[in-house]
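Here the sequence shown stands for residues 0 to 504, numbered as in numbering that gives the first Met the number 0.
For every residue, glycine included, the Cβ atom is placed at its ideal position computed from N, Cα and C.
On a predicted model such as this, the values are computed, not experimentally measured, just so you know.
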Amino acid sequence: MHEKLKEKIKESLASVLPITVIVLLLSVTFVPMEVGTFVLFLTGAFLLILGMGLFQLGVEMSMTPLGQGVGRRLVKQKSLWVIGFISFVMGMIITISEPDLQVLANQVASVPNQVLIYTVAVGVGIFTVAAVLRILFGVSVSKMLIVLYLLLFLLSILAPSDFVSVAFDAGGVTTGPMTVPFIMALGVGLSAARSDKHGESDSFGLIALCSIGPIMMVLLLGIFYHPTDAVYTPVEIASVDTTQDVVRLFAASLPQYTEEVLVSIVPIAGVLVIFQLLTHSYRKRQLLRMSVGFVYTILGLILFLTGVNVGFASVGNLLGSSLADGATKWLLIPIGIVIGYYLVKAEPAVQVLNDQVEDITGGMISHKTMNLALSIGVACAVAVAMIRVLTGISIYWIIVPGYMIALTLTRFVPKVFIGIAFDSGGVASGPMTSTFLLPLAMGACTMLGGNVVTDAFGVVALVALAPLIAIQIMGLLYSHKSKKTLLSESDAAEDDDVLVEIEEE
0 MHEKLKEKIK ESLASVLPIT VIVLLLSVTF VPMEVGTFVL FLTGAFLLIL
50 GMGLFQLGVE MSMTPLGQGV GRRLVKQKSL WVIGFISFVM GMIITISEPD
100 LQVLANQVAS VPNQVLIYTV AVGVGIFTVA AVLRILFGVS VSKMLIVLYL
150 LLFLLSILAP SDFVSVAFDA GGVTTGPMTV PFIMALGVGL SAARSDKHGE
200 SDSFGLIALC SIGPIMMVLL LGIFYHPTDA VYTPVEIASV DTTQDVVRLF
250 AASLPQYTEE VLVSIVPIAG VLVIFQLLTH SYRKRQLLRM SVGFVYTILG
300 LILFLTGVNV GFASVGNLLG SSLADGATKW LLIPIGIVIG YYLVKAEPAV
350 QVLNDQVEDI TGGMISHKTM NLALSIGVAC AVAVAMIRVL TGISIYWIIV
400 PGYMIALTLT RFVPKVFIGI AFDSGGVASG PMTSTFLLPL AMGACTMLGG
450 NVVTDAFGVV ALVALAPLIA IQIMGLLYSH KSKKTLLSES DAAEDDDVLV
500 EIEEE
């Protein structure tokens with residue numbers, strides 16, 4: 000266990016260290032920081048590394064086996080009504096438990112928090128049912144995505160323009176560190192029980208469909224409420240003079256995030272208890288291991304959210320406002336590219352997805368390959384987001400063509416890559432994006448005198464869009480390479496046959 004934890008923390012260190020080095024270099028070049036602020040950032044980075052390591056180990060021990068167990072049991076149910084009801088309830092519970100959704104709800108002042116949270120949860124619940132039924136009946140994920148995204152674009156025309164970015168951001172933040180591990184495992188359990196040749200590729204796509212639910216429901220909510228604005232609260236940099244002030248600041252924030260995480264985990268722990276009482280699927284040793292996993296998950300998420308929100312968000316805002324001040328404003332684009340490239344590696348849910356992709360595909364798509372494709376995609380997305388901040392380009396000019404390209408690619412790539420690509424879009428835009436990248440864009444937008452709601456808000460949506468294109472391009476390259484390999488092997492086999500014939504003669 001200790002070796003496994005050490006391995007996870009090393010992985011976390013490798014993910015977070017590049018971002019820390021980038022901020023250090025910026026602090027001694029373009030953005031001089033007070034020592035107290037930088038110590039705040041370093042403390043946040045330390046908690047982030049430790050928290051991510053504990054979280055990933057906890058997910059592996061608890062959430063993954065629970066999701067797979069529920070998935071296997073669902074397949075054995077003969078009644079579609081029972082399958083639908085359980086899927087709906089599970090989708091709602093996991094979504095209400097998502098910490099990222101709580102953060103988003105606090106920022107949208109035009110809609111009451113609970114109304115937004117439960118509306119999004121209902122959307123995820125409905126689309127969890129749709130995703131489960133798709134796996135059971137083997138419906139093409141690409142056809143479903145094309146129809147649903149066309150419907151989203153039609154709804155976005157009717158919704159208030161300022162609310163469109165919020166809606167697409169909702170799709171990104173909903174599939175965060177709590178939702179992704181469970182939904183991925185649920186898909187694996189369902190497809191494994193099907194045991195046919197398409198089961199492996201059909202295990203992907205649940206996150207993609209569950210990301211559509213929040214977008215659709217928030218757009219409908221915007222039409223119903225007729226909101227006049229969608230506000231994001233500006234990040235304030237805490238004043239710290241000594242290391243004791245830093246400790247006090249983190250200590251003061253711990254209870255808040257502890258409460259958030261406990262509220263998130265309790266419903267899922269309740270699902271485990273009820274599931275075990277009804278099915279007796281797990282032995283005592285498995286239950287003990289899963290219980291320890293829940294503890295690791297709780298501790299990891301508390302440390303992760305505290306480190307990210309207290310240490311990273313304020314520094315992101317400071318970097319954005321400082322870089323946008325004066326002649327250095329165009330440096331936002333190259334610096335954004337570098338930050339985006341490394342930032343996605345620090346998302347905990349991304350690493351969970353990459354591990355499961357490598358396991359399910361038998362190493363066909365490696366963890367390293369996924370990381371590279373996602374990093375390149377997100378780097379391009381952040382570059383576009385910074386251009387939006389600098390120029391005020393409407394998000395429609397990027398979102399609509401971007402999704403049209405992504406949906407067109409689904410007609411040409413192998414089936415397994417479609418589900419992986421659209422799932423990756425959901426996981427890439429997690430807590431690191433909303434608490435470091437979004438404040439960076441907001442700080443720059445505020446300094447430039449732009450409209451924060453229309454120009455800075457939407458960066459999460461762009462980060463969620465990028466992997467859809469990047470992973471599918473990777474799929475095209477993989478398919479082309481596979482065909483070349485098969486052709487060369489076929490030619491070699493023919494040459495061998497000719498040689499054998501010559502020798503026989």
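Distance from the CA atom of Val272 to the CA atom of Val187, rounded to whole angstroms, is 21 Å. Restricted to the stretch 53 to 117, the alpha helix (DSSP H) segments that are unbroken, complete and at least 4 residues in length are 63 to 75, 79 to 95 and 98 to 106, listed in chain order.
Annotated three-state conformation of Phe162 is helix, per DSSP.
Val309 places its beta carbon 8 Å or farther from that of Gly474. The closest CA to that of Lys482, considering only Val412, Ala469 and Leu16, is found on Val412. Contact between the stretch 421 to 439 and the stretch 174 to 183 is established, with three or more Cβ pairs separated by less than 8 Å. Rounded to the nearest angstrom, the gap between the Cα atoms of Val163 and Phe152 is 10 Å.
One thing to note: Cys444 has its Cβ within 8 Å of the Cβ of Val388. Around Leu439, the same chain offers Gly315, Leu318 and Gly319 as residues with beta carbons nearer than 6 Å, after the five sequence neighbours per side are excluded.
Contact annotation: the stretch 55 to 65 touches the stretch 0 to 11, with at least three C-beta pairs closer than 8 Å. Distance from the CA of Gly325 to the CA of Phe249, rounded to the nearest whole angstrom, comes to 33 Å.
Gly124 counts as buried, since at least 16 other C-beta atoms from the protein chains shown sit within 10 angstroms of its C-beta. C-alpha of Ala312 to C-alpha of Tyr395: approximately 27 Å in a straight line.
The three-state reading of DSSP puts Phe293 in helix, counting H, G and I together. Between the stretch 137 to 151 and the stretch 20 to 32, the count of C-beta pairs closer than 8 Å stays below three; the two stretches do not touch. In the same chain as Gly292, and ignoring 5 residues on each side of it, the C-beta atoms closer than 6 Å to its own belong to Gly57, Met60 and Ser61, in chain order. When secondary structure is reduced to three states using DSSP, Arg387 falls in the helix class.
For Trp396, the enclosing alpha helix (DSSP H) begins and ends at Tyr395 to Leu408. Bounds of any alpha helix (DSSP H) do not take in Leu436, whose DSSP letter is neither H nor E. Of Thr305, Ile92, Met385 and Leu277, the smallest CA-CA separation from Val337 is found for Met385. Residue burial is scored here from C-beta neighbours: Thr278 has fewer than 16 other C-beta atoms within 10 angstroms and is therefore classed as exposed. In this structure the stretch 367 to 375 touches the stretch 341 to 353; the number of beta carbon pairs closer than 8 Å is three or more. Short of 6 Å from the beta carbon of Thr19, and not among the five residues preceding or following it, lie these beta carbons of its own chain, in chain order: Ala44.
The residues Gly50, Leu253, Tyr256, Thr257 and Val260, in chain order, have a CB closer than 8 Å to that of Ile301 in the same chain once the five nearest residues on each side in sequence are set aside. One Cα belongs to Ile48, the other to Ser280, and the distance between them is close to 34 Å. In terms of Cβ geometry, Ile397 and Val381 do not form a close pair [threshold 8 Å].
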